[in-house]
Amino acid sequence: MGWRKILEAEHRLMLEVAEAAEAECRHIELTGTVRTDLVGDMIGFFRYFGDGLHHPKEEALLFARCHRRGMTDDDEPLEQMIGEHEWCRVKLDGLEQDLERLDFGDKAAALGYAARLREYLEVARCHVEVEEAVFFDTAQHYLTESDRRELTEEFEAVHWDEIEEGVASYWEDLAHKLWIAETQ
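For the sequence shown, my numbering assigns the number 50 to the initial residue and increments by one for each residue that follows.
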């Protein structure tokens, strides 16, 4: 499948949930209420799939390989990628904590939550766009043919482990469930 195809397939799932979360933001703005279970599942998806499975692969395999070939954390767009991973972690912490403390009758708090969630979604979408349109191509210039082959083997091994353990299908099913919940 290749390292890039694996990451791009994971991006598609993340963007599917981002679309569902955007629809939930519109719902919150229209009603002044947050469907906490649904939003909790969305935040959980971004936390455990995005930040727990996807970003570690990028950081430990792809970014690390780029570092070995001379790319530094100060090089664009790697600096942006690393910074946005960290920003997303912090933002998710805040969104999780805010959701737990949300007063169900407070319309202003619900609208504020929607605004903070929408900010997260904007950064996540931009991150995927820059990664696919700029970073992956930049990485290709740093990586040798051997690096690309080894990365593919490493990514495929992790990917197949996730498939065999049922992890991949769990997150894929959840992403589809969230999207369907928002589009019906």
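Every residue gets a Cβ at the ideal spot worked out from N, C-alpha and C, and that includes glycine. Remember, it's a predicted structure, so these values are computed and weren't measured experimentally.
8 angstroms is my cut-off, CB to CB: does residue i come that close to chain B?
| i | result |
| --- | --- |
| Ala188 | Reference to chain B is not applicable here, since this structure consists of a single protein chain. |
Less than 8 angstroms between the beta carbons of residue i and residue j, yes or no?
| i | j | result |
| --- | --- | --- |
| Leu56 | Glu107 | yes |
| Ile77 | Leu160 | yes |
| Leu127 | Phe112 | yes |
| Met130 | Glu180 | yes |
| Tyr191 | Met120 | yes |
| Arg53 | Phe185 | yes |
| Met63 | Gly99 | yes |
| Lys156 | Gly215 | no |
Sort the options by Cα distance to residue i and report the nearest one.
| i | options | result |
| --- | --- | --- |
| Arg167 | Ala58, Val66, Met50 | Val66 |
| His208 | Gly89, Gly143, Leu110 | Leu110 |
| Arg84 | Ala163, His116, Phe95, Tyr97 | Ala163 |
| Gly143 | Arg118, Thr193, Cys115, Ile92 | Ile92 |
Quick one: is the Cβ of residue i within less than 7 angstroms of any heavy atom of the ligand FAD?
| i | result |
| --- | --- |
| Gln146 | In the structure shown, the ligand FAD is absent, as is every other ligand, since no ligand is present at all. |
With a 10 Å radius around its C-beta and 16 neighbouring C-beta atoms as the bar for buried, classify residue i as buried or exposed.
| i | result |
| --- | --- |
| Asp123 | exposed |
| Glu229 | Here residue 229 is Ile; the residue named in the question, Glu, does not match the sequence. It counts as exposed. |
| Cys175 | exposed |
| Glu59 | buried |
| Glu73 | buried |
| Phe153 | exposed |
| Val139 | exposed |
| Leu170 | buried |
| Ala173 | buried |
| Asp90 | buried |
For the alpha helix (DSSP H) containing residue i, name the first residue and the last one.
| i | result |
| --- | --- |
| Ala182 | Per DSSP, Ala182 belongs to no alpha helix (DSSP H) and is neither H nor E. |
| His134 | 127–150 |
| Glu68 | 52–80 |
| Ala109 | Note, Ala109: premise wrong, no alpha helix (DSSP H); not H, not E. |
Open item on the list: So, does the segment 189–204 touch the segment 140–155, judging by three or more C-beta pairs under 8 angstroms?
Closed with: no
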